[in-house]
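Chemist: My questions all concern the structure below.
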Amino acid sequence: MSPAESAELPQWDGAAGSPGLTVAEAVAVQDRLRPRADLVGPGPRRPATVAGLDVAYAPDGDLLAAAVTVLDTATLTVVDHAVSVGRPAFGYVPGLFAFRELPALLAALDRLTVRPELLVCDGHGLAHPRRFGLACHLGVVTGLPAIGVGKTPLVGTWTGPGPRRGDTAELVDAGEVVGRVLRTRDGVKPVFVSVGHRMGLDNAVAQVLASTPRYRLPETTRTADRLCRETLAAATGPARATG
DNA sequence: GCGACAG
DNA sequence: ATCTTGTCGC
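Note that the first sequence covers residues 1 to 243 in my numbering.
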């Protein structure tokens, strides 16, 4: 990467380890934004496009690359994409993920030329200790329908689901249904689906199934994951010759 | 008080 | 998230 490009890397307040917000302030922000999340939807039943978002971190944790891919739902092929490179905006605090990744994700979203009809986030939405995970935050901030698809649980308990693709179990936390545990492939570890914004849980599960024709994770997540890793590699490895 | 804890 | 050897299977 050229010096000119490096100079344009987005820089957000607070380098890693010195966040611009305190934990208490971040929690207060979540409490203030939570009422603005639409958890009912139902959201578009047949969206034409769906976006995947993901972030990759450099080994030292000082640099990150965010990627957004927009897929045509009919073919599940990428029709648009964008990336951003920067520093984590907050330390790693389970429950405060958005403050770490959201700035970079928003920067990438801003560079899209196609406005996706749904955001599929790598992480949770409602299935969060304060019911305001990354997917809720991203949805509220962008105004777009958003759902969370987590690979591991953050909160909640469940029983099942059955062993076949499409089998589900309720994800329950403190007596509330906060999401659904969904088997996307026969005999493979399930994923955790929760509502983010402007989409109901039934539809969220349907959208995830529609985007997992072959692997455990949605094509949205897979394409975004690949893109952010490639972007990070390009921003890190090769371009350090003269040193 | 102690452990667990999205990415 | 990232690191990392080996192993099972299409």
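The beta carbon of each residue, even a glycine, is placed where N, CA and C say it ideally should be.
On a CA-only basis, which of G166, R180, A56 is nearest T212? Give me that one, please.
Modeler: Locating residue 212 in the first sequence gives position 212, counting from the first residue. It is G166 whose Cα lies nearest to the Cα of T212.
Chemist: Just to confirm, are A204 and T69 a CB contact at a threshold of 8 Å?
Modeler: Translated into positions along the first sequence, residue 204 becomes position 204. Translated into positions along the first sequence, residue 69 becomes position 69. Taking 8 Å as the Cβ cut-off, A204 and T69 do not qualify as a contacting pair.
Chemist: Determine, using beta carbons only, whether D173 and V149 come nearer to each other than 8 Å.
Modeler: As a first step, residue 173 must be located in the first sequence, where it is residue number 173. As a first step, residue 149 must be located in the first sequence, where it is residue number 149. Taking 8 Å as the Cβ cut-off, D173 and V149 do not qualify as a contacting pair.
Chemist: Counting C-beta neighbours from all protein chains within 10 Å, is the total for R222 16 or more, i.e. buried, or is it exposed?
Modeler: Here the question's residue 222 lines up with position 222 in the first sequence. With 16 or more Cβ atoms within 10 Å of its Cβ, R222 is classed as buried.
Chemist: My assumption, with CB atoms under 8 Å, is that V78 sits in contact with L106. Please give the rounded CB distance.
Modeler: For the purposes of this step, residue 78 is taken as the residue at position 78 of the first sequence. For the purposes of this step, residue 106 is taken as the residue at position 106 of the first sequence. Wrong, their Cβ atoms sit about 20 Å apart, outside the cutoff.
Chemist: Quick one: what's F90 bridged to in DSSP?
Modeler: In the first sequence, counting from the first residue as 1, residue 90 sits at position 90. DSSP output for F90 lists no bridge partner at all.
Chemist: Roughly how far, in whole angstroms, is the beta-carbon of R130 from the beta-carbon of G95, given that I think they are within contact range, below 8 Å?
Modeler: Position 130 of the first sequence, counted from the first residue, corresponds to residue 130. Position 95 of the first sequence, counted from the first residue, corresponds to residue 95. R130 to G95, Cβ: 7 Å. Contact.
Chemist: Which one of G175, P161, G196 has the shortest CA to CA distance from T184?
Modeler: Reading the first sequence from its first residue, position 184 is the one you call residue 184. Comparing Cα-Cα distances from T184 to each of G175, P161, G196, the minimum goes to P161.
Chemist: Could you check whether T236 and V83 sit closer than 8 Å to each other, using their CB atoms as the reference points?
Modeler: Mapped onto the first sequence, residue 83 falls at position 83. Mapped onto the first sequence, residue 236 falls at position 236. Contact: no.
Chemist: Given L102, which residues of its chain have a CB within under 8 Å of its CB, disregarding the five upstream and five downstream residues?
Modeler: Walking along the first sequence from the start, residue 102 turns up at place 102. For L102, where only same-chain residues beyond five positions count, the Cβ hits under 8 Å are A89, L134, H137, L138, V141.
Chemist: Going along the chain, which unbroken runs of the alpha helix (DSSP H) with 4 or more residues stay wholly within the region 184-213?
Modeler: If we require 4 residues or more, the alpha helix (DSSP H) runs fully inside the region 184-213 come out as 201-210.
Chemist: Using DSSP with H/G/I as helix, E/B as strand and the rest coil, what is G14?
Modeler: Mapped onto the first sequence, residue 14 falls at position 14. Residue placement at G14 is poorly supported in this model, since its pLDDT is 35, which falls under 50; the coordinates are not used for a value here.
Chemist: Which same chain residues, not among the five before or five after L144, have their C-beta less than 6 Å away from its C-beta?
Modeler: By 1-based counting over the first sequence, the position of residue 144 is 144. Same-chain partners within the cutoff: L119.
Chemist: Could you please give the first and the last residue of the uninterrupted alpha helix (DSSP H) stretch that includes L39?
Modeler: Position 39 of the first sequence holds residue 39. No alpha helix (DSSP H) contains L39, which DSSP labels as neither H nor E.
Chemist: Among all the DSSP beta bridges, which residues are the ones paired with D72?
Modeler: Working through the first sequence from its first residue, we reach residue 72 at position 72. T49, T77.
Chemist: Is it true that the CB of V155 sits closer than 8 Å to the CB of V191?
Modeler: In the first sequence, residue 191 corresponds to position 191, counting from 1. In the first sequence, residue 155 corresponds to position 155, counting from 1. Not closer than 8 Å, so no.
Chemist: Tell me where the alpha helix (DSSP H) around D110 begins and ends.
Modeler: Position 110 of the first sequence holds residue 110. Counting along the chain, the alpha helix (DSSP H) containing D110 begins and ends at 98-110.
Chemist: Using a Cβ-Cβ cut-off of 8 Å (strictly less than) and excluding sequence neighbours within five positions of E8, which residues of its own chain qualify?
Modeler: For this step, residue 8 is matched to residue 8 along the first sequence. Reliability fails at E8, whose pLDDT of 31 lies under 50, so the model's placement of it is uncertain and the value that follows must be treated cautiously. Nothing listed; no residue qualifies.
Chemist: For the beta strand (DSSP E) that A146 lies in, which residues bound it at each end?
Modeler: Looking up residue 146 in the first sequence gives position 146. Per DSSP, A146 belongs to the beta strand (DSSP E) from 146-150.
Chemist: Tell me where the alpha helix (DSSP H) around T231 begins and ends.
Modeler: As a first step, residue 231 is located in the first sequence; it is residue number 231 there, counting from the start. Where T231 is concerned, the enclosing alpha helix (DSSP H) stretches over 219-236.
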